[in-house]
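Protein chains in written order, with the working numbering: chain B, 3 to 322; chain E, 455 to 725.
Note that CB positions come from ideal geometry on N, CA and C, so glycine has one too.
These numbers were taken from a predicted model, which means no experiment stands behind them.
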Amino acid sequence: MSTHTKMAAKRKAPDSRTETDAANGRRRSPTRVNPALYLFPLPAVAIIAFFLVMPTLQAFQYAITDWNGFSAAFNYVGLDNFVRAFTKDSLFTNALTNNLKFVLMVVIAQTAFSLVLALLLTKNSRGSILLRALFFFPTILSSVSVAFIWKFIYDPNFGLANAVLDGVGLEALQGSYLGNNAQALYWVAVTQVWFHAGQMMVVYIAGLQAIPRELYEAAEMDGAGKWQQFKSITWPFVAPATSIVVAYTTVQSFKAFDLILGIAGNPPKQSLDILSTRIYSTFANSEFGYAAAQSIIFMAMIALVTWLQRRLLRLTPKGE
Amino acid sequence: MLASLSRRAILGIYAVIIIVPLTVVGFGSFKSTQELFAGPFSLPQSLSPANYAEVIGGQDLGSSFMNSVFVTAISVPLTLFLASLAGYAISRLKGFMAWAIFGFLVLGMAIPAQANMVPLYVLFGRLGLLDSLAGLVLANVVSTLPIAVFILGGFMRTLPKELYEASSIDGTGPWRTYVSIALPLSAPSVAAAAIFLFVIHWNELLYPLLFIQSPGNRTLPLALLSFQGEFQTNYPLLFAGVILASLPVVVAYVFLQRYFVAGITAGASKG
C-alpha cells in the first residue's frame with residue numbers, strides 16, 4: 003500500500019510544483035528592486051574583502067617565500083616550506099599528531115557525553131531547567147579563566163584533584179596530570195569537554211524535543227525496550243543534531259589555542275603543542291613565510307576533516 | 455528505579471564537578487596562598503579584598519578591564535549594525551545577487567583566525583593599527599561579521615516580503631524600512647547575536663596577543679595570561695583575576711540566561 007501512495011505522490015508532486023512556481027515567478031518578478039539597496043551590504047562586503055579575503059589570499063603568497071616579516075628582501079622558495087613542515091620539522095609533525103589526537107578524543111567524548119546529558123534533561127521540569135543552566139555555564143567563561151581553574155585542579159602539589167583523591171582515601175590514583183607527558187593531552191581534552199559539553203547538550207535537547215511523543219507510546223505498546231526505542235527512534239531523529247555537534251566540536255577543538263596557551267603557558271611544552279600554537283610560535287619567531295605555509299596546512303586540515311565527516315556521517319533522519 | 459538512581463548519580467556527579475571548582479575559585483580569591491593550600495574547600499578566614507586590590511592596583515588589570523569594556527562596547531554594536539544592514543539587503547534583493555552577497559560574506563566562517571594571522575598582522579602594521587584598541591575593534595568585527603550575517607540574514611529572510619512591499623507602496627525608502635520595519639521585527643535574532651558576540655569579543659585572546667605590545671593597551675584575557683607568567687603558583691591572585699574577568703558575563707548570564715542559550719546555540723548550530 004505504502005509504495006503505491008509514494009509512487010503516486012512522486013508522479014504528481016513535481017509537475018504541480020513547477021506549474022505554480024512558474025506562475026508565481028511570473029507574477030512576482032515585476033516588483034522592482036530599489037538600487038539603493040545595493041549600498042546596504044557595501045560596508046560589510048568591503049571590510050570582508052579587504053581584511054579577510056585579501057589577507058587569506060596573501061597567505062598563499064607568503065607561504066612560498068622565506069620572508070621574515072621585516073626585511074624588504076625575500077626569496078620565492080616554491081613549496082620548500084611545505085616540504086619542510088612534513089619532512090624536516092619534528093615540532094610541526096608533533097603538533098599535527100597532537101592536534102588530530104586531541105580532536106578525535108574531544109569529538110568522541112563530547113558528542114557522547116552531551117547526548118547523555120541531553121537525554122537525562124529533556125523533560126522541562128524545574129530541576130532539569132536548573133541543571134541545564136548550570137551545565138551550560140562554563141561555556142560563557144573565557145578560555146584563559148577555564149585554563150587557570152583547571153591548572154589548579156591538576157596541580158600535582160596543591161591541586162584539587164589530588165586533594166579530593168586524598169580525602170576519599172584513593173591516594174594511589176593521585177597523579178601529576180599535566181606534568182605527565184604521556185597523559186597531558188588527555189587531561190586538556192577533559193577540560194575542553196567540561197568547557198563546552200553544556201553548549202552541545204543544548205543543541206541535542208532542541209533535537210530531542212522535536213521528536214513526537216506518540217512514537218514512544220506506540221513503541222511501548224509494541225513492547226519495545228528502552229534500548230530498542232533509543233536505537234530506532236531517538237538516534238535516527240537526533241542525527242541532524244549529531245552532525246552539527248560533531249562538526250562544531252571538530253572546529254572548536256582544532257582551534258583550542260587559548261585553552262592550551264592558558265593551561266600550558268606560552269609557548270606550550272611539546273606534549274601539548276597543537277597546530278595553532280605551533281603556528282603562533284613560528285610567527286613569533288619571525289618566520290612569516292613558514293608560519294603562513296603552516297597556517298595553510300592548518301586550514302586545509304580543517305576543511306579535509308570537515309569534508310570527511312560529511313561523507314562518513316551522512317546522518318539524516320530515517321526515511322529521508 | 456535503578457534507571458532513575460543512575461540518572462541522579464550522573465547528573466549529581468557532573469553538577470559537583472562544575473560547582474566545586476567554581477566555589478573553590480570563589481573562596482580562594484579571598485585566601486592567602488598558604489590558606490588555600492592548607493584547605494582548598496574551607497571557607498576563607500576573612501573576606502579581605504587584598505587579592506582583588508593587588509590585582510587591580512599592582513598590575514594594570516584595572517586599565518585592561520576598561521580596555522575590554524571599550525573594545526567590546528564598540529565591537530558588538532558595530533558588528534550588529536554592519537551585519538543587519540547586509541542581512542536586510544539580502545532579504546530584499548532577489549536571485550543571483552542576494553545569493554552572491556550572502557555567500558561571499560558567509561564564506562568567511564570557513565577561515566580560522568590562525569590561518570590569516572600573518573598577513574593580517576602585516577596589513578595592520580602598514581595601516582598603523584598595531585598596538586591600538588581601534589585595531590582590536592576592527593579585528594573583532596572582521597572575525598565575527600560572517601557568522602553575524604549568517605544569523606541575522608537567515609532570520610531576516612523569513613520575514614514576510616509583503617511587509618516590504620506594503621511599505622514601498624507607501625513610498626518609504628529602503629533606509630526607513632530598515633529602521634522602522636526590518637530591525638524591530640528582527641529583535642529576537644539581534645538579541646541572540648548580540649549575546650553571542652558579547653561572549654566572543656569579551657573573551658577574545660588571539661588578536662590582543664598578536665597585535666598589542668604595550669601593557670597599557672592590554673585587554674583582560676591578555677592581561678590575565680601575562681599575569682600567569684609572572685605569578686606562577688599564586689593561585690589566589692589568579693583566582694581574583696579570573697573572577698574580575700568573568701564578572702560582567704556572569705552577571706549578564708544570571709539575568710539573561712535564556713537569551714544566552716539561544717544566542718550561543720544559534721552560533722553553534724549554524725557555525
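- The DSSP-derived three-state label of E:Thr687 is coil.
- Residues of the segment 254–265 of chain B with a C-beta less than 8 Å from any C-beta of chain E: Phe256, Lys257, Phe259, Asp260, Leu263, Gly264, listed in chain order.
- With a threshold of 16 other beta carbon atoms within 10 Å, B:Val146 meets it and is buried.
- Taking 7 Å as the cut-off, the beta carbon of E:Val576 is found no closer than this to the beta carbon of E:Ala694.
- Separation of B:Leu310 and E:Val705 (C-alpha to C-alpha, rounded to the nearest whole angstrom) is 41 Å.
- Counted as a single uninterrupted DSSP element, the alpha helix (DSSP H) harbouring B:Arg312 occupies residues 290–314.
- For B:Asn126, no chain E residue has a Cβ inside 9 Å of its Cβ, as the nearest lies near 13 Å away.
- B:Thr67 carries a strand assignment under DSSP once its states are collapsed to helix, strand and coil.
- At a cut-off of 7 Å between beta carbons, E:Thr719 contacts chain B.
- B:Tyr206 sits close to B:Ser116, with the two beta carbons spaced by under 7 Å.
- When the alpha-carbon of B:Trp196 is set against those of B:Trp229, B:Gly209, B:Gly171, B:Ser144, the nearest one is in B:Ser144.
- E:Arg580 does not reach chain B, its nearest Cβ partner there being about 11 Å away, counting only Cβ pairs nearer than 9 Å.
- The C-alpha of E:Asn521 is placed about 22 Å away from the C-alpha of B:Leu263.
- In summary, the residues of the segment 200–223 of chain B whose CB is separated from some CB of chain E by less than 8 Å are Gln201, Met202, Val204, Val205, Ala208, in the order they occur in the chain.
- Straight through space, the alpha carbons of B:Met107 and B:Tyr179 are spaced by roughly 17 Å.
- For a cut-off of 8 Å, the C-beta gap from E:Leu539 to B:Phe42 is around 5 Å, short enough to register as a contact.
- With its beta carbon at least 7 Å from every one in chain B, E:Ser545 lies outside the interface.
- Buried is the label assigned to B:Arg134, since at least 16 other Cβ atoms lie within 10 Å of its Cβ.
- Taking a C-beta cut-off of 7 Å against chain E, the contacting residues of the segment 236–255 of chain B are Ile246, Tyr250, listed in chain order.
- Taking the beta carbon of E:Ala463 as reference, no residue of chain B falls within 7 Å; the closest one sits roughly 10 Å away.
- The segment 81–92 of chain B makes contact with the segment 292–303 of chain B: 3 or more CB pairs, one atom from each, lie closer than 8 Å.
- For B:Arg128, the enclosing alpha helix (DSSP H) covers residues 128–138.
- For the pair of segments examined, the segment 220–236 of chain B was found not to touch the segment 165–178 of chain B: the number of CB pairs separated by less than 8 Å stays below three.
- Three or more pairs of CB atoms, one per stretch, sit closer than 8 Å, so the segment 114–132 of chain B contacts the segment 460–478 of chain E.
- Distances from the alpha-carbon of B:Ala184 to those of B:Asn100, B:Gln176, B:Pro242 put B:Asn100 closest.
- Of the candidates B:Phe239, B:Gly129, B:Pro269, the residue whose Cα lies closest to the Cα of B:Ala286 is B:Pro269.
- Here the C-alpha atom of B:Ala75 lies approximately 51 Å from the C-alpha atom of B:Asn159.
- Around the beta carbon of E:Ala569, a 10 Å sphere encloses 16 or more other beta carbons of the protein chains shown; the residue is thus reported as buried.
- Rounded to the nearest whole angstrom, the CA to CA distance from E:Val596 to E:Phe556 is 15 Å.
- The beta carbon of E:Leu663 is closer than 7 Å to those of Leu676 in its chain, skipping five residues each way along the sequence.
- Only exposed fits E:Ile467, as fewer than 16 other CB atoms lie within 10 angstroms of its CB.
- Beta-bridge pairing by DSSP links B:Tyr78 to B:Thr67.
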